[in-house]
Amino acid sequence: MKRWIVNIVKLVVPLALIGWLLVKTCRSDSDAFEQLAQSEKHYGMIAGSLVLLVMANVVAFCRWYILIRALHLPTTLWDVLRLGFLGFLLNFVGPGQVGGDFFKAILIAREQKERRMEAVATVLIDRVCGLYGLLLVASTALLFSGLYRANQTMAVVGSATFACTLIATIGLFALMIPRITNSPFFRWCERLPMIGNMVERLFFALKLYQRQRWELAKVAAMSVSVHLMIATGIYFSAAGLFQDIPSLVDHWVVSPIAGVAGALPLTPAGLGTYEAAMVYLYNVVEAGKYLDRGVVVALVFRLSTIATAAVGLVFYFRKKQELQELVDNGGQKPQAAELLGISR
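And the structure:
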């Protein structure tokens, strides 16, 4: 009963937030809905948005495949696509846009029984690569657009984005230096109780990646392309709905920052938090010229994400009972610990 209440709350709260955003839009910018109703729709652009989102996810899954094969784990591209679309579907179950990663980690750990922790490490490293690509796109677009000078809030957001990008760049390059990963501190981490075995396997995976720098360069390029495609997809959604919209470069800023808000572990698939961020960022662009159209664009793009997630339903129904048990249990701690190779 308690789990049902939690699930209902997780759904009601973000839907209430979206409802509030729509009401606020109607009151402050009713012209947005009038223009939406009266203007000519460009359904080809909206369809292009869906195509770009699907392509972005396929590229992201291929990125994960490269990371898996770099560790010489036995798998096929088809298996990775299957797990990838399942994880994308299960984003709507877990908190934030990264909630599906937890289920992906459990599923690949079940399939890679001999090297579970290394397999799980690929999920974690893939997510880190994705977030790093997001930071690179956001930082570059902020610099070229000058949007970080729009107001005090965006100045703080811009400074935080630049700082995180710099720290992430230094940290990732440091992890590629064998002398650092072989330092006494790293060896001490491997001897920690409870998690020492997991940390040791994670560092082992990192050391293997140190020898695969060309593969990591391809992964970095794919990470940037994924977020460029997503941002361009949102631009296509806006162009299909409204005549006057922010520029493509503006969307390269808006999309990654809204994506960070959606990734916060607050609501399933970032439902509500992503839309709220889009509303705010659209209002910042051109000093409020576009008012609250962000919620309309975000909701249309949300429909594209749901359509993309529907691909995962094909794989879900093939293993419905196993996946339903996993979702219902929420990845119970003892079961998850055993699968991930963590000592209890």
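In our numbering, the protein residues as written are 3 to 346.
We treat Cβ as the ideally placed atom computed from N, Cα and C, and that holds for glycine.
Review point. If you follow the alpha helix (DSSP H) that Leu230 is part of, which residue opens it and which one closes it?
Key: Arg215 to Leu243
Review point. Between Gly135 and Ser239, is the Cβ-Cβ spacing less than 9 Å?
Key: no
Review point. Leaving out the 5 sequence neighbours to the left and right, which residues in its chain are closer than 6 Å to Leu88 when beta-carbon positions are compared?
Key: Gly314 and Phe317
Check your understanding: Who are the near neighbours of Ala279 in its chain, counting only those whose CB is closer than 6 Å to its CB and skipping five residues on each side?
Key -> Ala260 and Ala263
Check your understanding: Starting from Glu42 and walking both ways along the alpha helix (DSSP H), at which residues does that stretch end?
Key -> Here Glu42 belongs to no alpha helix (DSSP H), and DSSP marks it neither H nor E.
Exercise for review: For the alpha helix (DSSP H) containing Leu85, list its first residue and its last residue.
Suggested key: Leu79 to Leu92
Check your understanding: Nearest-angstrom Cα distance between Asn199 and Arg117?
Key -> 12 Å
Check your understanding: Of all the alpha helix (DSSP H) runs that stay within the bounds of the region 137-223, which reach a length of 4 or more residues?
Key -> 154-177, 180-183, 186-192 and 198-212
Practice item. With a cut-off of 8 Å on the beta carbons, I'd call Leu149 and Val286 a contact; round off their distance for me. Key: 7 Å
Practice item. Would you mind sorting Val53 into buried or exposed? The rule is 16 or more other CB atoms within 10 Å of its CB. Key: exposed
Point to revise | Where the alpha helix (DSSP H) through Leu283 begins and ends | key: Thr275 to Val286
Point to revise | Chain-order list of residues whose beta-carbon lies under 7 Å from that of Ala309 (same chain, five-residue window excluded) | key: Leu52
Check your understanding: Using 8 Å as the threshold, is the region 60-72 in touch with the region 242-255, meaning 3 or more CB pairs across them?
Key -> no
Point to revise | DSSP three-state assignment for Pro248, whether helix, strand or coil | key: coil
Check your understanding: In angstroms, rounded to a whole number, what distance separates the CA positions of Ala107 and Tyr276?
Key -> 24 Å
Check your understanding: Among His44, Ile127 and Leu137, which residue has its Cα nearest to the Cα of Leu204?
Key -> Ile127
Point to revise | Contacts around Cys64, its chain only, beta-carbon distance under 8 Å, and the 5 residues preceding and following it disregarded | key: Leu79, Val82 and Met224
Check your understanding: Are Arg295 and Phe244 close, meaning C-beta to C-beta below 9 Å?
Key -> yes
Review point. Can Ile232 and Val299 be called in contact, C-beta distance under 9 Å?
Key: no
Practice item. Report back the beta-carbon spacing between Gln114 and Leu85 to the nearest angstrom; my notes put them in contact at under 8 Å. Key: So it is not a contact: roughly 11 Å between Cβ atoms.
Review point. Leaving out five residues before and five after Leu23 in sequence, what residues of the same chain have Cβ atoms less than 7 Å from its Cβ?
Key: Residue placement at Leu23 is flagged as unreliable, the pLDDT there being 48, under the threshold of 50; the coordinate-derived value follows with that caveat. Glu277, Ala278, Val281 and Val297, listed in sequence order.
Check your understanding: Ordered along the chain, which non-local residues of its own chain (more than five positions away) have a Cβ less than 7 Å from that of Leu177?
Key -> Thr183 and Leu208
Exercise for review: Please work out which residues of its chain come closer than 6 Å, Cβ to Cβ, to Cys191, disregarding the five sequence neighbours upstream and downstream, and give them in chain order.
Suggested key: Val201
Exercise for review: Report back the beta-carbon spacing between Leu144 and Thr163 to the nearest angstrom; my notes put them in contact at under 8 Å.
Suggested key: 6 Å
Review point. Under the rule that 16 or more other beta-carbon atoms within 10 Å means buried, what is Ser345, buried or exposed?
Key: Model confidence at Ser345 stands at a pLDDT of 44, short of 50, so the residue's coordinates are unreliable and nothing is read from them.
**Study point:** Rounded C-alpha distance that separates Val256 from Tyr284
**Key:** 7 Å
**Study point:** Residue environment, Asn153, which counts as buried when at least 16 other CB atoms sit within 10 Å
**Key:** exposed
Check your understanding: Among Ala62, Gly173, Ile48 and Lys220, which residue has its Cα nearest to the Cα of Asp103?
Key -> Ala62
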